[in-house]
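Engineer: Residue numbers for the sequence shown follow this note's numbering, beginning at 26 and rising by one.
C-beta: ideal position from N, C-alpha, C; glycine also.
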Amino acid sequence: NELVTQTDNLTRYNSETKQASLLTGDTTIRTVRGALRSALSREGGSQLVETDAITGAESYFKLTLSRLGVRADKNGQLNFDSSKLDSAITRYGMENVATAVNEISAKIRDVAVSYADSFGGQIKARTDGLYADLKIVNEQRARLNTRMKEYEDRLLHQFSNMDSLVAKMNKTSTYLAAHLGNNSKGN
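1) Would you kindly check if the distance between the Cβ of Asn26 and the Cβ of Leu103 is under 8 Å?
2) Please classify Asn121 as buried or exposed, where buried requires at least 16 neighbouring CB atoms within 10 angstroms.
3) For a quick check, are the C-beta atoms of Leu65 and Ala97 less than 8 Å apart?
4) Which same chain residues, not among the five before or five after Ser108, have their C-beta less than 8 Å away from its C-beta?
5) Pull up the DSSP beta-bridge partners for Thr124, would you.
6) Which residues bound the alpha helix (DSSP H) around Asn34?
7) For my contact list, Asp77 and Ser84 are in at a C-beta cut-off of 8 Å; report their separation, rounded to the angstrom.
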């Protein structure tokens, strides 16, 4: 239940403030929750037989956590009904129930380890991938900043050269205007 609460908090989107949580939209969380939900619904234990009281037809099945009193509500929170577990123990036997719980628990553990293992789990792989992407983005940003600085320096240099050239041309224009003005008065 704590996992459901934490992942809800990490993926929540507040429509009033238009603020996303840290992992809103990240598929890893949905994948983890889906895999755990699937593991929780698996069967375990020995093959059991029930006979329909009306038709006499036999049905074969294995125990699930649902038959043992564990159910998930619409939000994914697990609830436990001890009377259903007591009924299952009475009906199917403690050994069958224990075997089923152990098998299902092992499947859940395997899913958790495959995601959470700090050496090779999928969450670590996703985290490492995100850090690698972040490093690439930071390197690209640094290269862009360098190029922008070089571009700015080049534009400043060109502007300074143009400004000097305009000043020289203005000086030449003033000289020519004065010299041509004197010549036209003398004619």
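Structural biologist: According to the data block:
1) Walking along the sequence shown from the start, residue 103 turns up at place 78. Walking along the sequence shown from the start, residue 26 turns up at place 1. Yes, the pair counts as a contact, with Cβ atoms nearer than the cut-off.
2) Here residue 121 corresponds to residue number 96 of the sequence shown, with the count starting at 1. So Asn121 counts as buried.
3) As a first step, residue 65 is located in the sequence shown; it is residue number 40 there, counting from the start. As a first step, residue 97 is located in the sequence shown; it is residue number 72 there, counting from the start. Contact: yes.
4) For the purposes of this step, residue 108 is taken as the residue at position 83 of the sequence shown. Excluding sequence positions up to five before and after Ser108, its CB lies within less than 8 Å of the CB of Gly94, all in the same chain and listed in chain order.
5) Here residue 124 is taken as the residue at index 99 of the sequence shown, counted from 1. Paired residues: none, contrary to the question.
6) On the sequence shown, residue 34 is found 9 positions in, with the first residue counted as 1. In this chain, the alpha helix (DSSP H) harbouring Asn34 covers 27-36.
7) Start at 1 with the first residue of the sequence shown, and residue 77 comes out as number 52. Start at 1 with the first residue of the sequence shown, and residue 84 comes out as number 59. Indeed they touch by this definition, with Cβ atoms about 7 Å apart.
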